[in-house]
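Taking this note's numbering, the leading residue of the sequence shown gets 2, the next gets one more, and so forth.
The structure under discussion appears below in the form of C-alpha cells.
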Amino acid sequence: MMRDKNMKKLIRAGFCLVLLLIVLLVLVALQHVLEKKQPDKKDSTETVTESMDGRADDATEAVLETETETETETETEVAQSGVVTLHNAMIENVEGLDNTSQGWGMGPTRDEFNRPVDALNYEEKFAPYSVDFIKNTEEKVVYLTFDEGYEYGMTPQILDTLKEKNAKAVFFVTKPYAEADPDLVQRMIDEGHIVGNHTVHHPSDGMPSLSIADQTAEIMETDAYIKENFGYSMYLFRYPTGQFSEQSLAIVNNCNYRSVFWSFAYKDWDVNNQPDETESLNLLMEKLHPGAIYLLHAESQTNADILGSFIDQVRAQGYEIGVYSDTLQ
Numbered sequence: 002m003m004r005d006k007n008m009k010k011l012i013r014a015g016f017c018l019v020l021l022l023i024v025l026l027v028l029v030a031l032q033h034v035l036e037k038k039q040p041d042k043k044d045s046t047e048t049v050t051e052s053m054d055g056r057a058d059d060a061t062e063a064v065l066e067t068e069t070e071t072e073t074e075t076e077t078e079v080a081q082s083g084v085v086t087l088h089n090a091m092i093e094n095v096e097g098l099d100n101t102s103q104g105w106g107m108g109p110t111r112d113e114f115n116r117p118v119d120a121l122n123y124e125e126k127f128a129p130y131s132v133d134f135i136k137n138t139e140e141k142v143v144y145l146t147f148d149e150g151y152e153y154g155m156t157p158q159i160l161d162t163l164k165e166k167n168a169k170a171v172f173f174v175t176k177p178y179a180e181a182d183p184d185l186v187q188r189m190i191d192e193g194h195i196v197g198n199h200t201v202h203h204p205s206d207g208m209p210s211l212s213i214a215d216q217t218a219e220i221m222e223t224d225a226y227i228k229e230n231f232g233y234s235m236y237l238f239r240y241p242t243g244q245f246s247e248q249s250l251a252i253v254n255n256c257n258y259r260s261v262f263w264s265f266a267y268k269d270w271d272v273n274n275q276p277d278e279t280e281s282l283n284l285l286m287e288k289l290h291p292g293a294i295y296l297l298h299a300e301s302q303t304n305a306d307i308l309g310s311f312i313d314q315v316r317a318q319g320y321e322i323g324v325y326s327d328t329l330q
C-alpha cells in the first residue's frame, strides 16, 4: 500500500516536471518570436536618425530656397529702381587733355546690322572715359532716352504710354526742370525710370566752352539738388547740344558719371515745327538697329503721339525695350 502511494507521488512529480519543461520551452519560443518581430535598437536608431536627417535636409533646402527667393527679390528691387553705383577709374591730368569742342553726329555708313559705323568707332575710341555712343551688341534690344530741358506738357502722356507698354526709359533733366516740375520727376522715379543729369543751365555753346570748375559745378549742383530733394542718386549724364571734348569726357568720368550720347536722333525739338508723325515713325523704324540709343525730346508732340506705335512695331520686329541700368550691372 505504501509502495503504491510512493509510486503515485513519483508519477505526479514527473508529470509536473514535464509540464514545467513544456512551459519553459513555450516561453523560450515566444521570446524568440518576439525578438524577431521587434526592430533591433541599432536599426531603430538609424531609422530615426535617417528620418531626422531627412527632415533636416528638407528644412535646410527650405531655408536655402527662402534665402534665394529673398536675394532674387532684392536683385529685382535694385533692377526696378534703376539705380547703379558706378566706380569710375579717376583720370589724371585733366587740365592737360584736349578741350577742342566737337559735336556728335553720325555719317550714313552702317554695318550689316544697320548700326552706325561712326557710333561703333567712337564707342571704341573713347571707351576709357566711361561713355556710350551705342551699346555694342548684336542682340535685338534698344534703349529709349528723353531730354528734358523744360516741360511743354508732353511728359505725362509719354509716361502714360511707357506705363501702358511696360517699357522703361531714361529722362535727362536739368536742375530748373526738377525745380519747376518735381511731381513729374518723382513720377519718373516711382515708375522705375532712370533720371539722368542734363546740367544746370544747359549751356548753349556746350560744356567745353566752360572752365573745368564750371563744368564740374554744372554736373554736381544738379546732382546735389536731386539727391537732396528726391533721395535719388544720378549716374548717367547727357551733354547739352551734344558738344563735348576729351577733357569734358574726363570731367564727367571723374564726377563718377557715365556719358550717354545716342545712335539715333532727329529734328524733333522745335515745338513750333513738329515733324510729320507718319514720316517720323517710318524714320525711327528705318534706323532700327541692335543696341540703339534713341534720343527723343520730351517736348515733342510728335514723339508723344507716336511712342506707343513705335514700341509696338519695335517689338513686332523681335526687339525688346531695354532697361539701361541692366547694361551697367
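Beta carbons are placed, not taken as given, at the ideal position from N, Cα and C, and that holds for glycine.
Note that the coordinates shown come from a computational prediction; the quantities given were computed from them, not determined experimentally.
Val186 is bridged by DSSP to nothing; it lacks a bridge partner. The three-state reading of DSSP puts Pro276 in coil, since its state is none of H, G, I, E or B.
Linking Thr110 to Leu87 through their CA atoms gives a straight-line distance of about 33 Å. One alpha carbon belongs to Gly154, the other to Lys164, and they sit about 17 Å apart. In the three-state DSSP reduction, Thr146 falls in the strand class (E or B).
Around the Cβ of Phe262, a 10 Å sphere holds 16 or more other Cβ atoms; the residue is buried. Going by DSSP, Tyr178 is part of the alpha helix (DSSP H) stretching over Lys176 to Ala181.
Assignment of Ser326 by DSSP, reduced to helix, strand and coil, places it in the helix class. Val196 is positioned such that its CB atom lies no closer than 9 Å to that of Pro177.
If you draw a straight line from the Cα of Asp327 to the Cα of Ser131, it is about 16 Å long. Going by beta carbons, Glu247 and Leu121 fall outside the 9 Å limit. Taken through DSSP and simplified to helix, strand or coil, Ile135 comes out as coil.
Contact between Ala170 and Thr146 holds: their C-beta atoms lie close to 6 Å from each other, under 8 Å. Remark: C-beta atoms of Val84 and Gly323 do not approach each other more closely than 9 Å. With contacts defined by Cβ atoms closer than 9 Å, Gln244 and Asp215 do not form a contacting pair. Distances from the CA of Pro157 to each of Arg188, Tyr144, Val174 and Asp133 were compared; the closest alpha carbon is that of Arg188.
In the three-state scheme derived from DSSP, where H, G and I count as helix and E and B as strand, Val95 is classed as helix. Secondary structure note for Leu297: it is in no alpha helix (DSSP H), and the uninterrupted beta strand (DSSP E) holding it is Ala293 to His298.
DSSP places Ser260 inside the beta strand (DSSP E), whose first and last residues are Arg259 to Val261.
Per the coordinates, the alpha-carbon of Phe265 lies some 6 Å from the alpha-carbon of Ile294.
With a beta-carbon spacing of about 5 Å, Thr162 and Leu308 fall inside the 8 Å limit used to define contacts. Burial check for Thr303: the Cβ neighbour count within 10 Å reaches 16 or more, so the residue is buried. With contacts defined as CB atoms closer than 9 Å, Asp148 and Leu285 fail to qualify as a contacting pair. A direct Cα-to-Cα measurement between Tyr258 and Phe238 gives close to 6 Å.
The three-state reading of DSSP puts Leu250 in helix, counting H, G and I together. Within the same chain, Val118 and Leu121 come within 8 Å of Asp112 by CB-CB distance, once the 5 residues on both sides are set aside. Under the three-state reduction of DSSP, Leu237 is assigned to strand. Straight-line measurement puts the Cα of Phe172 at about 13 Å from the Cα of Tyr233. Just measuring C-alpha positions, the residue of Ser249, Ser301 and Tyr236 sitting nearest Asp269 is Ser301.
Residue nearest to Lys228 within the set Gln330, Arg116, Glu180 and Ser260 is Glu180 (criterion: CA-CA distance).
Using a Cβ distance threshold of 9 Å, Glu280 and Asp306 do not count as a contacting pair.
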